[in-house]
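Trainee: Line by line, the protein sequences give chains U and G.
Note that the working numbering has the first sequence beginning at 1, numbered continuously upward.
Note that the working numbering has the second sequence beginning at 238, numbered continuously upward.
All residues carry an ideal CB built from backbone N, CA and C; glycine is no exception.
For clarity, every value in this text was computed on a predicted model and none was experimentally measured.
Have a look at this one before I ask anything.
2 protein chains.
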Amino acid sequence: MTLSSITSISDRQTLSDQVFTELKEAIIKGDLPQGSKIIEDDIAKQYGISRGPLREAIRRLEGIRLLVRKPRAGTRVVTLTHSMMEEIYTVREALEGMSARLAATRMSDIEIAELQQLLENHQSTIDQSKGKEYFQREGDLDFHFRIAKASNNQWLMDLLSSELYQLLRMCRHRSSQTPERPLRALSEHQQITEAIANRDSELAELLMRRHISGAWKIVNTLLSNENNMIDNTEGKS
Amino acid sequence: MTLSSITSISDRQTLSDQVFTELKEAIIKGDLPQGSKIIEDDIAKQYGISRGPLREAIRRLEGIRLLVRKPRAGTRVVTLTHSMMEEIYTVREALEGMSARLAATRMSDIEIAELQQLLENHQSTIDQSKGKEYFQREGDLDFHFRIAKASNNQWLMDLLSSELYQLLRMCRHRSSQTPERPLRALSEHQQITEAIANRDSELAELLMRRHISGAWKIVNTLLSNENNMIDNTEGKS
DNA sequence: TAAAATCAGATTGTTGACAATATATGAAAA
DNA sequence: TTTTCATATATTGTCAACAATCTGATTTTA
Numbered sequence: 001m002t003l004s005s006i007t008s009i010s011d012r013q014t015l016s017d018q019v020f021t022e023l024k025e026a027i028i029k030g031d032l033p034q035g036s037k038i039i040e041d042d043i044a045k046q047y048g049i050s051r052g053p054l055r056e057a058i059r060r061l062e063g064i065r066l067l068v069r070k071p072r073a074g075t076r077v078v079t080l081t082h083s084m085m086e087e088i089y090t091v092r093e094a095l096e097g098m099s100a101r102l103a104a105t106r107m108s109d110i111e112i113a114e115l116q117q118l119l120e121n122h123q124s125t126i127d128q129s130k131g132k133e134y135f136q137r138e139g140d141l142d143f144h145f146r147i148a149k150a151s152n153n154q155w156l157m158d159l160l161s162s163e164l165y166q167l168l169r170m171c172r173h174r175s176s177q178t179p180e181r182p183l184r185a186l187s188e189h190q191q192i193t194e195a196i197a198n199r200d201s202e203l204a205e206l207l208m209r210r211h212i213s214g215a216w217k218i219v220n221t222l223l224s225n226e227n228n229m230i231d232n233t234e235g236k237s
Numbered sequence: 238m239t240l241s242s243i244t245s246i247s248d249r250q251t252l253s254d255q256v257f258t259e260l261k262e263a264i265i266k267g268d269l270p271q272g273s274k275i276i277e278d279d280i281a282k283q284y285g286i287s288r289g290p291l292r293e294a295i296r297r298l299e300g301i302r303l304l305v306r307k308p309r310a311g312t313r314v315v316t317l318t319h320s321m322m323e324e325i326y327t328v329r330e331a332l333e334g335m336s337a338r339l340a341a342t343r344m345s346d347i348e349i350a351e352l353q354q355l356l357e358n359h360q361s362t363i364d365q366s367k368g369k370e371y372f373q374r375e376g377d378l379d380f381h382f383r384i385a386k387a388s389n390n391q392w393l394m395d396l397l398s399s400e401l402y403q404l405l406r407m408c409r410h411r412s413s414q415t416p417e418r419p420l421r422a423l424s425e426h427q428q429i430t431e432a433i434a435n436r437d438s439e440l441a442e443l444l445m446r447r448h449i450s451g452a453w454k455i456v457n458t459l460l461s462n463e464n465n466m467i468d469n470t471e472g473k474s
């Protein structure tokens, strides 16, 4: 077994894997704007690789719905329309509801304690700096991610964390823009956690679904307002 | 607009798309057995293409979880383990429950009539030839697919029809193997349809979820029995 | 004999070039 | 001026060869 220390070699990622990860980040951060065209030669040069592995990465990104391809016409970054956001929130409600239900049964006492700890951190963060949206946003995802993990269902976890959450992060509109939203969200998180701690799966699912559909209602109005503003300022089309 | 008739050219599928479809069928039908290794050169020659487009197809199949890849170690057809089947049924319960809920609101009267017609066909099929499992199986998927479509949610439809249903079809174990199952399933389908016809979304979701978790219980025992049989016959490992 | 090292064959990862197609540009016609 | 057509350019689709890595069999060594 003298070679055991070289396992890092076989774990080495493939070029396609690397560029897949980097492109994903670039899309989510907005470096590659929504709707922009992916020109293979440009991207390939930019990352210093050939088009072969790049195309494989593109196919994978297509698979998780970050890119949209039309045969022979090119590939574009997905555009998050209003109705698409609604669809995503709907799927999320179903999946996370189930996730919470399972977590209520399967989450270990330690994980529950950690979850409660997380919420206390959020609490104090809100108390201190009201405006820090960023933490609120990522903290929210953190909460949801832990519950997805605790579902102990690989499929649920994958769908949520490697597909839905990415899209969610692409959507700049933070429900926390409403001043009272962070507090409200926190209290809902606490309710959900309590239901899980009580091993009440029915209630956990119900509360999670209500939490998400409530979040959608906020995002929905924010999106509508923005659309109206665009109509008013840019007008005429 | 003299070119409008040639749109068929631009719709022409790419080699990668074609082989993607064909490989998918081969996997589902079992021509490529579960756990078998995908050797790129062999498959490429078999389909008369080069490895480039094939690899793209492989990445896509990886994306919908029909293939599993280990960097530099090769790609294999997914193996449907017992626990994986359980995970799939759980996700399906969440997604199809939501689907039924939406369908209850959004399905047109015509679609509902067609759905009822479909069930009548199933009824008579069962009356005539009790054993025709095949039709029962595909008919079941047909029913569920129509409801997914009626949800009018592209994401739900995609996840169900292009991912979950494929895996489901890979699982040879038909719940209809239990003699009384087809009748039971049909009656549950009728109940669900009735709830949709009454525009009762709550009930439609509830019934759909119960229907699927019930189906899982049957499949579960079938799988367990088979495992026991294997243990008894092949023994010793 | 059993464990370790070595080597050859098989398989995957990557590249650059070529072919097929789409898009943009500008000239000709209405 | 606007539309239509033809051409050139840009971009995607495909291929075959090369390089890197893994796998399994054989040989060597203890």
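Below 9 Å on C-beta distance, what does D17 (chain U) contact in chain G?
Mentor: The answer, in chain order, is P308.
Trainee: To the nearest angstrom, how far is the alpha carbon of L317 (chain G) from that of E463 (chain G)?
Mentor: Spanning the two alpha carbons is a distance of roughly 14 Å.
Trainee: Measure the C-alpha to C-alpha separation of F20 (chain U) and I58 (chain U) and round it to an integer number of angstroms.
Mentor: Rounded to the nearest angstrom, the two C-alpha atoms are 7 Å apart.
Trainee: DSSP three-state call for G74 (chain U): helix, strand or coil?
Mentor: Of the three classes helix, strand and coil, the one that applies to G74 (chain U) here is strand, per DSSP.
Trainee: Could you please give the first and the last residue of the uninterrupted alpha helix (DSSP H) stretch that includes Q34 (chain U)?
Mentor: Segment: none, Q34 (chain U) is in no alpha helix (DSSP H) and carries neither H nor E.
Trainee: Can you tell me the Cα-Cα spacing of Q365 (chain G) and D377 (chain G), whole angstroms?
Mentor: For Q365 (chain G) and D377 (chain G), the distance between alpha carbons rounds to 17 Å.
Trainee: Can you have a look at N153 (chain U) and say buried or exposed, based on whether 16 or more other CB atoms are within 10 angstroms of its CB?
Mentor: Answer is buried; the Cβ neighbour count reaches 16.
Trainee: Looking at the unbroken alpha helix (DSSP H) that takes in R12 (chain U), where does it start and where does it end?
Mentor: Taken as a continuous stretch (DSSP letters only), R12 (chain U) belongs to no alpha helix (DSSP H), as it is neither H nor E.
Trainee: Any contact between the region 102 to 120 of chain U and the region 190 to 201 of chain U? By contact I mean 3 or more CB pairs, one from each, below 8 Å.
Mentor: Yes, the region 102 to 120 of chain U touches the region 190 to 201 of chain U.
Trainee: Is L475 (chain G) helix, strand or coil when you go by DSSP?
Mentor: This structure leaves residue 475 (chain G) out entirely; chain G is present only between 238 and 474.
Trainee: Buried or exposed: where does E56 (chain U) fall if 16 or more other Cβ atoms within 10 Å of its Cβ makes it buried?
Mentor: With 16 or more Cβ atoms within 10 Å of its Cβ, E56 (chain U) is classed as buried.
Trainee: Taking Cβ to Cβ, would you say V314 (chain G) is nearer than 8 Å to S273 (chain G)?
Mentor: In this structure, S273 (chain G) lies closer than 8 Å to V314 (chain G) by Cβ.
Trainee: Looking at R92 (chain U): is its Cβ nearer than 8 Å to the Cβ of S151 (chain U)?
Mentor: No, the Cβ-Cβ distance between R92 (chain U) and S151 (chain U) is not below 8 Å.
Trainee: With distances taken between CB atoms, is the gap from S104 (chain U) to D31 (chain U) smaller than 8 Å?
Mentor: Note on identity: in this sequence residue 104 (chain U) is Ala, with Ser being the wrong assignment. In this structure, D31 (chain U) does not lie closer than 8 Å to A104 (chain U) by Cβ.
Trainee: DSSP three-state label for F257 (chain G), please.
Mentor: F257 (chain G) falls in the helix class under three-state DSSP.
Trainee: Let me see if you follow: with CB-CB separation under 8 Å, is S4 (chain U) close to chain G or not?
Mentor: Confidence at S4 (chain U) is low in this model, with a pLDDT of 29, below 50, so the placement of that residue should be treated as unreliable; the coordinate-derived value is given next. No, its Cβ sits nowhere closer than 8 Å to a Cβ of chain G.
Trainee: Where does L80 (chain U) sit, in a helix, a strand or coil, going by DSSP?
Mentor: Looking at L80 (chain U) - three-state DSSP - the assignment turns out to be coil, as it is neither helix nor strand.
Trainee: In angstroms with no decimal places, state the Cα-to-Cα distance between R338 (chain G) and A441 (chain G).
Mentor: About 6 Å.
Trainee: Check the Cβ of S98 (chain U) against every Cβ in chain G and list those closer than 8 Å, keeping chain order.
Mentor: Note that residue 98 (chain U) is Met in the sequence shown here, rather than Ser. Per Cβ cutoff of 8 Å: T327, V328, E330, A331.
Trainee: Would you mind working out which of G:I301, G:E375, G:E299, G:I280 sits nearest L291 (chain G), comparing C-alpha positions?
Mentor: Minimum Cα distance to L291 (chain G) is reached at G:I280.
Trainee: Looking only at its own chain, which residues have a Cβ that is under 8 Å from the Cβ of F382 (chain G), when we skip the five neighbours before and after it?
Mentor: Around F382 (chain G): L397, S398, Y402.
Trainee: Measuring straight from C-alpha to C-alpha, what distance separates R181 (chain U) and R418 (chain G)?
Mentor: Their backbone Cα atoms lie some 49 Å apart in a straight line.
Trainee: Sorted by chain position, which residues of the same chain lie with C-beta nearer than 8 Å to L355 (chain G)'s C-beta, five sequence neighbours on each side aside?
Mentor: Here the set comprises G376, D379, F380, R383.
Trainee: Please confirm whether R199 (chain U) has its beta-carbon closer than 8 Å to some beta-carbon of chain G.
Mentor: No, because no Cβ of chain G sits closer than 8 Å to the Cβ of R199 (chain U).
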